[in-house]
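Chains as they are written, first to last, in this note's numbering: chain A, 1 to 369; chain W, 1 to 369; chain V, 1 to 369; chain D, 1 to 369.
Written out as C-alpha cells, the structure reads:
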C-alpha cells in the first residue's frame, strides 16, 4: 500500500480516479465481431455490462423495459415518484417546461407523498410482464419495512443503495438497526448492495450474502459527497480495493461476488477503464438521463437533492444525445463519446485484444498525468 | 518524512492541502442522532467545533452572542472597529452601500482611531452579560499593553493571533520583545495562540502554556501570504505536523493542548477533513461573513488588508447564504455546501461511523489527485 | 519500472506525455550552422525528421511533392479522397466555404465512393514523377487487397496505419487475418507500421520486418481515442518504451528499426522532445493542415471522423500559419511556435550542444510539473 | 537524485518551479527593522537583491541611475536601442501610442541600426557620472568585438547573457569561438554570465572566473523557450543544482561565485523563494517594466522577440503599478504583490526569523501541490 505521510502525525493513501488512468493496448488485436460484453449476476445474464441508476430522471417502468430489451438492467427507485404516485408522467411532463425553481418546488412536494406498497407491486408486475428482469432499488432505512411487498411483487433483483451502506450500522436508539447479514440471507431475492469504497467495507458487505456490491462513494472530484461531506475515494482505487476484497472473499468462501462500479461514467472508455480496474458492470445515471425517452425529459436529479436540511446534488439540465438505443448501441453522430457506449467498449476490447469483459479486467493501465 | 530533492543542493518536504485529501468511510455507519460534535478547551465546552475568525466583518458584540448561543465561540477583534469607536454600526451601514474605493478609504480612516481600553471593557462585559463565553483577539505586538485591560474586563478566553506568531521573537531594538512563555503563564486567562505551521513552531507555542494553538499560515494556494510573501504550508500537512507536536507535548508534560485549524474552510466537509488531520476545532471567517447578520453586511476583510505599505488581502463582496443559524445548523437551500456546516459534519460522522470528533480524528484519508 | 498501486487489487505504471518533460541544456553549445537534422530509413535519407500524416486535409499529390522537395516525406492516404475520386480538388474547394454540417455531409458521401486501384497507380506515378520519394498509407484491413496495386505502382515507401496495429490479429471469422510478419517480408516495398504504444507491441511489430514503427496511441489527454475508448499511453513513455524494444531488437537481430512518433506535435520543441525520448522522426498532422497549400483549406479531419457508428475526431477549422515552407523552415512571424518547426529544432540542438538528431536522443530530460 | 523512469529506455529527473514551493516559517520571528537584504558581488554591495533585466523596455540610462539609487543594479542592453540610436526616447514615445503592429514594425526597424561603440562609451559614462555602479549586458557573439569599448568606457560590471551560454561553444566554422575561460580572466571587468540551468553547465561557467552566474533557462511553463524550443528547467531545481555547483566550486577553489536567478519573478514572495533555493539575487524584467518611469512606457519586450526567423517572446502591454520606488520599496496600494517587492521580502524574512539573505537561504521548503 502506497502510504503517504501527510504530516508527522497522519498518513494517507494515494488514490486514483478513472480520469487518472488509461488502458494500454496489448500486443494483440481482435475482430470487433468476436468480442463478448455480457456479464452474469446470480441466475441472470445481461448482454451489456451497464446498469441504469435507480433515479426517477432515468428509470420509469417504461425505460426499465426498454433498457432490459437493449441488454441492460434498470432498477426502478421503489421510493421514488413511481411508487408514490399512480401516474407521475403528467407531473414530469409539466415540470419539464416550468421555470427551474417552480419545477423543483413541485417535484419536492411530489416526494412528500408516501410510498404505496401496492404501487410497488404494480410497477414490478408491469416490468416483469414485458419479459425483462425486474429490478428495484430501496434505501437501507426502508428495506425491512418493504421486504414483504418486494417478495410479494416477485421482484427478480433488489438493489439496496445509499450514499454509504455498511454491514455494521451502529445505533443507540431503540429500533434495532437493519442487520444486512441476516436480512440479505433471509430474503428470497438476490441483492446488490452499496455504495462502499474500501477493502474492508466491501469485504463486510460481501459477507452479507449479497450477489453484487456497488462500489463508489464521492468518486468524482466534483461530487457533492466529496465537496459537502469531505468524503470519498477516487473510483479506480475504490474498484481496485474492492477487487482485492472479492478475491479474498472468493478464496474464503468460494463465492464470487460481482462488483458494479457506481459513479463518474460518461463514455464507453470510462466503462472499459472501470472494468479494467475490477468492475463486472457499471451503474450509469447522467448518460441515460440524456436519452430522449428518459423520464427526466432533459433534466437529471437524485433523491439526495430533495433532502430537507442538507440537499446534495441538484436538478440540472442535460443535453439530449439520442434514443436509449443510440446511447447504448449507437450510431453516434459526433465524437463526444456519449452515444454508442457499448460500441466504444467493444472497440476498446477489439483494439486491446480482449474477448470478454472478464479478460479485459487483466488489461494493463498507465497513470497518465 | 517525505524528503524531496528539489535539486542537488536543496531538499523540501511534500505538503498537502485539505483539497488534496478525502475521508474514507469505514466499515461502520452510525445514526445521525448518535453523533456528538462538541469539543472542550480549558474549562469550556462548545457544542460546535467552529470558532469565528476575529475579524470585524464577522464578529461584532451582537454576532459574538448569537454565535455563542448557537454553540460556537467568537473572538471579538480587540484592536478593531469595536474598540476604536463607540458605535461602528452606522459606519458599517454607510460603507456597505458606497462605491468600493470610497468605502475602503473610509474604513481605513476608521482604523486610524486609537484603541480605547474602556471600550474593550464594555464590549467584553456586553458579551458576558448575554451568558456566553467572552472571547477576544489581539496581536502579539499589543497584547502586553492591553493585558491589564483584558484581566480587568474579566475576559474568558484570549486569542493572540498574527500571520505568524513564534514563541521566540528576536529583536535588536530596545523594548524587550514579548516573551510568550512568561506572559501566557502569568496571565490569568486561558490563551489560544498562533498561527504556526510546523512541528517545531507548534511545539514551542505549546510550551508557552497556551490552552490552544492556531494552526495555519498561508494554507491555501490563493492565500495572499503565499502569493505576496512566498510563505505557507498546505493545511493538511500543517495540522498533521502540529498533531505530532501535540502528542509529544502531551507525552512530555501530560498537558493536552488543543489545535484550532485556521484557514481555507468553506464547507462542513472541509471541517471534517481538518478534524481528521488533527484539529479539535476550526476557525472560520468567510463562511460566517456570508451570514445575513454579519457586521460586514455582504463584505469581508481582514485587518492585514489595511496595512499602510504592504496590504495583504482586500475587502471583497460575499454572497449572502442565510442567517448565522442556517450557516451553522441549516437548513441549506442548495448543494453549495456553505450552509448547515454542522449538519454536514454530523452526516460525515454518521456515514463514516464515528461518534465523536475525537474519534473522527482516527478516520483514514486518501490523497485524491 | 515504476509500478504504482492503484488499489489493493490492481497496479499501473506512471506514464508521461511530451508536455510533462523538458530538455536540459548540456554544458556545451554549438553553431546553428553545424547542426544536421537529417534521418534515414531503408535506403532513403530525408533532410527533415518530419513525416506528414496521411490525412486528406494534409496530403494531396501536390503537397506530397512540395513536402518532399522541402526535405520531408508525405504519405498519401491511399484509401482517401484522391484514390476514390478522379479529382477531389473541386469538392474540397466547395466544402471549404459551406456551412459546417453541410460540408461534413458532402465529405462523408465522398468517402462512400470505392477506392480505385488505377487511381492509386496514377497518384503514386504523379508523385514519383516529381522526383521525390513516393509514400502511401493504407489500413491493415485493406493492405492485402491493395498489395498488387502498390507494387505495380512502384510505391517507394508504404505506411500501414491504424489506431492500433498489432502483429497478432486474432479472429474467429473465416477470412484469415492479415499476418503482418509474412506480408511485410513478402512485400517488395519498405514498410512503416503502427500505431503501437508498448514495449511488447513495438517489439512484435519490429519482428515483422518493418523498416519503421509508428509509436503513439491516444497520446494526448484530449485525444478522442483516450476520451471515447479509454485507451492510450502518454507519448514520452510510449516512445521510451519503444526505444527499449528497438535496442533489444537491434541486439537480437542486428537490425535497427526506426521509430516515428505519431501524435501531439505542435511546435519544433515538441519535435525535439520526441527525439530525446527516442524518436528518429515525427509524424505531423494539424501543424501542416495549417499551411496555406494544405488541401483541407483551413480545415482538418481524420478518416476516423467519418466512421458510421462511432466517429472519433471531427472536422475542425485550423488557423492558417503560412506556406508549407514557412511551417517547416520559416520565417515565423510570431512566437506561437507553429512556424519554422525545423528552425526551432535546429536552435534547440545548437543551444543544447548536439550536432545530429541521433546525438540529441542522448539529451537529459526533466519532468516539469 | 530523483531519477524517474519515463519509459523502459529513458529516464528523467523530477524538477520543481518556484510556484511549486513555499517557505516554511521557522520557530523564530524577528523585528522587521532588524532585517538586512543586502548582497555583495565582487567589490560591490547592493542594498537590494534585485537586478534589473537588461531589456530596452526596462533599462534606459535614466532608469539605470534611478534603480542604482534605490539600491538595485540595472545592466543597460549594450546591443539595444540606446547604443544604436543617439536618442531613442522620441521613438519609444512614438511607438507607445501606435497600433501594435505598426509599433512593432517601427521598433524592429530601429534594431536594424548598427551598434555604435561611442554610444556605449557615452551611456556608461552617463550612468557612472550619477554615482551608481555602471552595468551593461552583451551577448556572447558580440562580447569580444566590444571588449575594448567596454574597458575604455570603464564599465563597472559586465553581464554576458544569452538564452543559453556555455563555457564550451563548439564550432566547425573558421572564426574561433568565444573562449569564455580565457576571455573572462583577461577582461578587467567583473563578469556575470548565463543563462544556464544545470549543475554541470553552472560549474563550467564558474570555472571561467565569472563573479556571478545567471541561472535560468525556460524556467516558467509559459516560457517561449520551453514552448518553442522544448528546452528548460523549472527554476527551483535549476537554482538548487547551481547551488550544489557553487558549493563544489567553493570547495575546489575557495572562490564563492554568486547566483542570480533569472526568470519568473512576479512578487517579493517569489524573490524570497528564489533565495531559499540558492540565489543571492534575482534578475527581474516584467515587474520593473510595469513602473511608470520604465522606458517601455507600458510595453515589455525582449530582443529575442525581434529575431528574423524565429521570434521568441513578443511585445506585450503591462499594467502600470507605480514608480520604480514603489515597485521596489512601496507603498503598495493593493494586494497584487507587484509593488513593494523589497518590503515583502523583508516581511518574509522577519516572519520566518532570518536576519540576512544568506541566512534565508537555509529556510525550509515545502512542495505544495
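Cβ coordinates follow ideal geometry from the N, Cα and C atoms, glycine included.
N- and C-terminal bounds of the beta strand (DSSP E) containing residue i
i                     : result
residue 238 (chain V) : Careful: residue 238 (chain V) lies outside any beta strand (DSSP E), inside the alpha helix (DSSP H) at 235-253.
residue 204 (chain A) : From DSSP, residue 204 (chain A) is part of no beta strand (DSSP E) but of the alpha helix (DSSP H) over 199-206.
residue 137 (chain V) : 135-138
residue 310 (chain V) : Neither: residue 310 (chain V) is in no beta strand (DSSP E) and is coded neither H nor E.
residue 113 (chain W) : Note, residue 113 (chain W): premise wrong, no beta strand (DSSP E); not H, not E.
residue 10 (chain A)  : 10-15
residue 18 (chain W)  : Per DSSP, residue 18 (chain W) belongs to no beta strand (DSSP E) and is neither H nor E.
Enclosing alpha helix (DSSP H) for residue i [first to last residue]
i                     : result
residue 329 (chain D) : 324-329
residue 349 (chain W) : 341-352
residue 360 (chain D) : 357-360
residue 229 (chain A) : 224-229
Below-8 Å beta-carbon distance, residue i vs any chain A residue
i                     : result
residue 159 (chain V) : no
residue 206 (chain W) : no
residue 276 (chain V) : no
residue 26 (chain W)  : yes
residue 237 (chain V) : yes
residue 339 (chain V) : no
Below-8 Å beta-carbon distance, residue i vs any chain W residue
i                     : result
residue 168 (chain A) : yes
residue 228 (chain A) : yes
residue 108 (chain D) : no
residue 16 (chain A)  : yes
Neighbouring residues, chain W, relative to residue i (Cβ below 7 Å)
i                     : result
residue 312 (chain A) : 335
residue 331 (chain D) : 308 and 309
Where residue i meets chain A, residues with beta-carbon distance less than 8 Å
i                     : result
residue 21 (chain W)  : 6 and 12
residue 343 (chain W) : 309 and 310
8 Å Cβ cutoff, residue i in contact with chain D
i                     : result
residue 352 (chain W) : no
residue 182 (chain W) : no
Residues that residue i contacts on chain V, provided the C-beta gap is smaller than 8 Å
i                     : result
residue 111 (chain D) : Those do not exist, as residue 111 (chain D) stays about 15 Å from chain V at its closest Cβ, beyond 8 Å.
The ligand FAD heavy atom lying under 7 Å from the CB of residue i
i                     : result
residue 166 (chain D) : As far as ligands go, the structure on display features none, and thus does not contain the ligand FAD.
Interface partners of residue i on chain A, CB under 9 Å
i                     : result
residue 234 (chain V) : 22, 366, 368 and 369
residue 243 (chain W) : 7, 8, 9 and 10
Within chain D, partners of residue i - CB distance below 7 Å
i                     : result
residue 218 (chain W) : 22
Short CB-CB distance (under 8 Å) between residue i and chain V
i                     : result
residue 139 (chain D) : no
residue 121 (chain D) : no
residue 247 (chain D) : no
Cross-chain neighbours of residue i in chain W, by beta carbon under 8 Å
i                     : result
residue 172 (chain A) : 31, 33 and 34
residue 200 (chain A) : 26 and 27
Margin query: Any contact between the segment 295-313 of chain V and the segment 189-204 of chain V? By contact I mean 3 or more CB pairs, one from each, below 8 Å.
Written below: Cβ pair count under 8 Å is below three, so no.
Checklist line | Any alpha helix (DSSP H) of 4 or more consecutive residues that is wholly inside the segment 248-287 of chain W | finding: Whole alpha helix (DSSP H) segments, 4+ residues: 268-277.
Checklist line | Any 3 or more C-beta pairs closer than 8 Å across the segment 230-240 of chain A and the segment 274-282 of chain A | finding: Contact between the segment 230-240 of chain A and the segment 274-282 of chain A is present, because at least three Cβ pairs lie under 8 Å.
Margin query: Quick test of the definition: if touching needs 3 or more C-beta pairs under 8 Å, does the segment 324-336 of chain W touch the segment 347-357 of chain W?
Written below: The answer is no - the segment 347-357 of chain W does not touch the segment 324-336 of chain W, with fewer than three Cβ pairs under 8 Å.
Next item on the list: Tell me the start and end of each unbroken beta strand (DSSP E) in the segment 23-103 of chain W that is at least 3 residues and wholly inside, in chain order.
Entry: Qualifying beta strand (DSSP E) stretches, in chain order: 28-30, 39-41, 44-46 and 50-52.
Check: Taking only runs of the beta strand (DSSP E) that begin and end inside the segment 142-217 of chain D, which ones reach a length of at least 3 residues, in chain order?
Finding: You should have 157-161, 168-170, 191-196 and 212-215.
Check: Are the segment 5-22 of chain V and the segment 311-331 of chain V in contact at 8 Å, needing three or more beta carbon pairs?
Finding: Verdict: no, contact absent.
Check: Can we say the segment 314-321 of chain A touches the segment 283-298 of chain A, given the rule of at least three CB pairs closer than 8 Å?
Finding: Cβ pair count under 8 Å is three or more, so yes.
Check: Hey, is the segment 13-23 of chain D in contact with the segment 256-275 of chain D, meaning 3+ C-beta pairs nearer than 8 Å?
Finding: Yes, the segment 13-23 of chain D touches the segment 256-275 of chain D.
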